[in-house]
Amino acid sequence: MLALDKKLEEKKMERRRIRLFSICMIVVMLFAQAASLFAEGSKEAPAVKPIVMRLAHISNEEHPSHIAALKFKEIVEQESKGSLLVEVYSNSSLGSAPEYTEQLKMGTLELGLVTSGQLQVWVPENGAVMIPFLFESYDHAHRALDGEAGDLLAEFSRKKGFVVISNWEWGFRQLSNNKLPVEKPEDLAKLKMRVPNEIQLMEMYKALGSMTAIISFPELYMALAQGVVDGQCNPLATIYFQKLYEVQPYVSILNHVYNTQMLVASEKIWNSLSAEQQAIVSKASAEAGDLCRELTVASEKDIINKLVAAGVKVNYPKLDPFRAKMAPAVKAIADFAGVEFTNKFVALVEAAR
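Quick note: the working numbering has the sequence shown finishing at residue 335, numbered continuously throughout.
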């Protein structure tokens, strides 16, 4: 009897231990679940990784293009609240303009400042912008290129994978050299001129009887300093801020060719942006482009004064004799850009006068 009672008591104790263990396990599981839920609730939402856009250009840090690029960066990053970041690369640090324009085409670069002459390698229609003496003033160029003429160029560029966000500024080209003041077309026959790989300037100098050599922009200063060529043409801002005047004591104000400079995006990066982000980039580009234009145009009179003070001889040739020589160049450019397109583009430019 005692043995039976003892066994019953042992079984009761075993059941109590099992219940107690079960209760402890349930409590532990409840605490673990509560801790997990608390931890989940206290976690911050994962941060959205910002989109980084590299912007390449060829000018140095003093040039209006770079100053405007920094303004673009500021606006984009502020308006996007940091979801879009812009890295500005000056001085051809991501390659020459033809090189980084190709990167835009391939989608391996996000943004670049590209002139009409540089873009024409991929989009020949852009070549029509550089028809000699096509634009009579900065105001005329801006009206035309911000209007239907510019829209037409942007349309053809988009078909080739380039998104023209807005027009900035490069400017009217002026002629510099190390031999003589250019007063008449015949003077060009005495000079060997640097040209980029752009048919407009090649054909223009050919029509004026000048020899030419293709030299990339990063190599230009050294080529001029070493006498590889006698002269070149670029806007006053470029002649001054890139220090070309140090090795070019003569500058002739011809305004013979106008170059627009555009902020261009690769189609790959543009299509990856939301509609809101595209609007932010477009707005920032328009504001920065206006600044680039303002700085470029406003600086020209001051630059001429500074060039003269530095000992550069600045002269103002009569333009009609130069215009009279341009027919062969205009025909070659029209053939390159497409005669039908050129006629339509020129008509739109004329309508904007």
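All residues carry an ideal CB built from backbone N, CA and C; glycine is no exception.
* Asked: Ends of the alpha helix (DSSP H) at Phe304?
  -> 302 to 305
* Exposure of Ala16, with buried meaning 16 or more beta-carbon neighbours within 10 Å -> Residue confidence for Ala16 is low, a pLDDT of 48 falling below 50, so the modelled location carries little weight; the figure read from the coordinates is stated next. Exposed is the call here.
* Extent of the continuous alpha helix (DSSP H) to which Ser148 belongs -> Looking at the DSSP string, Ser148 is not in any alpha helix (DSSP H); the run it does join, the beta strand (DSSP E), is 144 to 149.
* Asked: Which residue comes first and which comes last in the beta strand (DSSP E) that contains Lys174?
  -> 174 to 177
* At 3 residues or longer, and completely inside the segment 64 to 103: list those beta strand (DSSP E) runs for me, N to C. => Here the runs fully enclosed are 66 to 71, 93 to 97.
* Taking just the CA atoms, how far does Ile262 sit from Val58? -> 6 angstroms
* Selected residue, minimal CA-CA separation from Ala268, among Val34, His238, Glu151 -> Glu151
* So, using beta-carbon positions, are Phe327 and Pro167 closer together than 8 angstroms? -> no
* If you run the structure through DSSP and keep just helix, strand and coil, what is Ala195? -> strand
* Identify whether Asn297 lies in helix, strand or coil by the three-state DSSP scheme. => Strand, per DSSP.
* To do: List the endpoints of the continuous alpha helix (DSSP H) containing Ser267.
  => 257 to 291
* Asked: Among Leu183, Leu52, Gln230, which has the Cα closest to the Cα of Ala311?
  -> Leu183
* Where does Val331 sit, in a helix, a strand or coil, going by DSSP? -> helix
* Option in Glu185, Leu190, Glu228, Glu249 with minimal Cα separation from Asp317 -> Glu185
* Can you check DSSP and say which residues form a bridge with Gly320? => Answer is none; Gly320 lacks a bridge partner.
* **Option nearest Ala309 by Cα separation, candidates Gly293, Leu190, Gln214** => Leu190
* Asked: Buried or exposed: which applies to Gly23, given that a residue is buried once 16 or more other Cβ atoms fall within 10 Å of its Cβ?
  -> Residue placement at Gly23 is poorly supported in this model, since its pLDDT is 46, which falls under 50; the coordinates still yield a value, given next. Result: exposed.
* Taking all protein chains shown into account, do 16 or more other C-beta atoms lie within 10 angstroms of the C-beta of Lys295, making it buried, or fewer, making it exposed? -> exposed
* Can you tell me the Cα-Cα spacing of Ser158 and Ala51, whole angstroms? -> Distance between the alpha carbons of Ser158 and Ala51 is about 27 angstroms.
* To do: Report yes if the C-beta of Ser281 is less than 7 angstroms from at least one heavy atom of the ligand NAP; otherwise report no.
  => In the structure shown, the ligand NAP is absent, as is every other ligand, since no ligand is present at all.
* For Leu206, the nearest candidate out of Ile196, Leu226, Leu301, Ala219 (CA to CA) -> Leu206 has its Cα closest to that of Leu226, out of Ile196, Leu226, Leu301, Ala219.
* Does DSSP classify Phe154 as helix, strand or coil? -> strand
* So, helix, strand or coil for Asn108, using DSSP? -> helix
* Along the beta strand (DSSP E) that carries Met184, what are the first and last residues, could you check? => Here Met184 belongs to no beta strand (DSSP E); instead the alpha helix (DSSP H) covers 181 to 189.
* To do: Buried or exposed for Glu92, please, with buried defined as at least 16 other CB atoms from any protein chain shown within 10 angstroms of its CB.
  => buried
* To do: Check the DSSP bridge columns for Ile33 and list the partner residues they point to.
  => Beta-bridge partners assigned by DSSP to Ile33: Leu66.
* Alpha carbon to alpha carbon, how far is Val210 from Val290? Give it in angstroms, no decimals. => Val290 and Val210: Cα-Cα distance of roughly 25 angstroms.
* Is the segment 77 to 89 in contact with the segment 34 to 47, if contact means three or more CB pairs nearer than 8 angstroms? -> yes
* To do: In angstroms with no decimal places, state the Cα-to-Cα distance between Leu330 and Thr97.
  => 20 angstroms
* For Glu180, collect the residues of the same chain with a Cβ closer than 6 angstroms to its Cβ; drop the 5 residues on either side in sequence, then sort them by chain order. => Gly99
* To do: With DSSP as the reference, label Asn241 as helix, strand or coil.
  => strand
* Please state whether DSSP places Phe41 in a helix, a strand or coil. => First, the residue type needs correcting, since residue 41 is Ser and not Phe in the sequence shown. Reduced to three states, the DSSP call for Ser41 is coil.
* **Cα-Cα separation, His48 to Leu255** => 24 angstroms
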